[in-house]
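Please read the structure below before turning to the comments.
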Amino acid sequence: ELKVEQNPLFLSMQEGKNYTIYCNYSTTSDRLYWYRQDPGKSLESLFVLLSNGAVKQEGRLMASLDTKARLSTLHITAAVHDLSATYFCAVDTGNQFYFGTGTSLTVIP
Amino acid sequence: EAGVTQSPTHLIKTRGQQATLRCSPISGHTSVYWYQQALGLGLQFLLWYDEGEERNRGNFPPRFSGRQFPNYSSELNVNALELEDSALYLCASSRAMGQPQHFGDGTRLSIL
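Keeping their order, the protein sequence lines are chains A and B.
Numbering (our numbering) for the first sequence: 0 to 108.
Numbering (our numbering) for the second sequence: 960 to 1071.
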């Protein structure tokens, strides 16, 4: 069974700092998604990465995909409190979505 | 564009009962997915329906079942409820497999 591992699982960072969340997966796929989930809420789609080398940016978040390394990163630039949430990556194998364990991000003023 | 809608928002049942959860996809979306999110855990894939047929299911016992109707809405049925079935059940829809999934707000199922 495909495994999707995120690290770190928990991240506490100060406002204004930069950090990267990593998503490793164990099988070939060239479709990867990032989602955000606020406490008690559903998942919000952030990025869709559909090819090797894909890079997408929205505000303070930037996602990239390296299909050869089976790795995606979500980079946070100059974090602000509003980014506090749980972030999930998900790998699409063509017939199933596999979600990572999630990274719980807390941005401290 | 209306999003994915799920009902009910909350559902309280006792052990051994049966639960039915409902999902209406975004208009134009033919694929519907069901996930279980237990407290403190990630999302576990349950079922995928497309064009009225079950296309794939996750590693869950047969008492988890469902169907998709001609209008592409879907039901998830859970029979013989157990305490560990308590979780948030999320439905998502997409235009097709390989397209981004859009999630509903979920049904929180509590088993007493």
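Just so you know, even glycine gets a beta-carbon here, dropped at the ideal spot from N, CA and C.
These figures come from a predicted structure and were not determined experimentally.
Assigned secondary structure, residue i (DSSP; H/G/I helix, E/B strand, else coil)
i	result
L60(A)	strand
D65(A)	strand
L1040(B)	coil
L82(A)	helix
Y1031(B)	coil
S11(A)	strand
A89(A)	strand
K16(A)	coil
Chain A contact residues for residue i, given Cβ-Cβ distances below 7 Å
i	result
F1062(B)	S41 and L42
R1014(B)	N94
F1023(B)	The contacting residues do not exist; F1023(B) stays about 15 Å from chain A at best.
G975(B)	Going along chain A, no residue has its Cβ under 7 Å from G975(B), so there is no contact; the nearest lies around 28 Å.
Beta-bridge partners of residue i, as assigned by DSSP
i	result
A1046(B)	L1068(B)
R1014(B)	According to DSSP, R1014(B) bridges with nothing at all.
L42(A)	Q36(A)
R30(A)	DSSP output for R30(A) lists no bridge partner at all.
S1052(B)	V991(B) and H1061(B)
S71(A)	C22(A) and L64(A)
Q1003(B)	Q995(B)
T979(B)	N1036(B)
S1024(B)	N1036(B)
Range of the contiguous beta strand (DSSP E) that encloses residue i
i	result
K972(B)	H969 to K972
A961(B)	No beta strand (DSSP E) contains A961(B), which DSSP labels as neither H nor E.
I107(A)	T102 to I107
N6(A)	V3 to N6
L49(A)	Segment: none, L49(A) is in no beta strand (DSSP E) and carries neither H nor E.
F96(A)	F96 to F98
Short CB-CB distance (under 9 Å) between residue i and chain E
i	result
L1002(B)	Any reference to chain E falls outside this structure, whose protein chains are A and B.
Proximal chain A residues relative to residue i, where beta-carbon distance stays under 8 Å
i	result
P1059(B)	Y32, S44 and V47
W1007(B)	N94 and Q95
Partners in chain B for residue i, counting only beta-carbon separations shorter than 9 Å
i	result
F87(A)	G1001 and L1002
Taking 8 Å as the cut-off, does the segment 29 to 38 of chain A touch the segment 46 to 60 of chain A (at least 3 CB pairs, one atom from each stretch)? With the rule of 3 Cβ pairs closer than 8 Å, the segment 46 to 60 of chain A counts as touching the segment 29 to 38 of chain A.
Three or more C-beta pairs closer than 8 Å, one from the segment 72 to 79 of chain A and one from the segment 11 to 23 of chain A: is that the case here? yes
How about the segment 997 to 1016 of chain B and the segment 1024 to 1033 of chain B: do they share at least three Cβ pairs that are nearer than 8 Å? Using a C-beta cut-off of 8 Å, the segment 997 to 1016 of chain B makes contact with the segment 1024 to 1033 of chain B, since at least three inter-stretch Cβ pairs fall below that distance.
Would you call the segment 960 to 977 of chain B and the segment 82 to 100 of chain A touching, i.e. three or more CB-CB distances under 8 Å? no
Across the segment 984 to 1000 of chain B and the segment 1049 to 1056 of chain B, are there enough close Cβ pairs to call them in contact, namely three or more that are closer than 8 Å? yes
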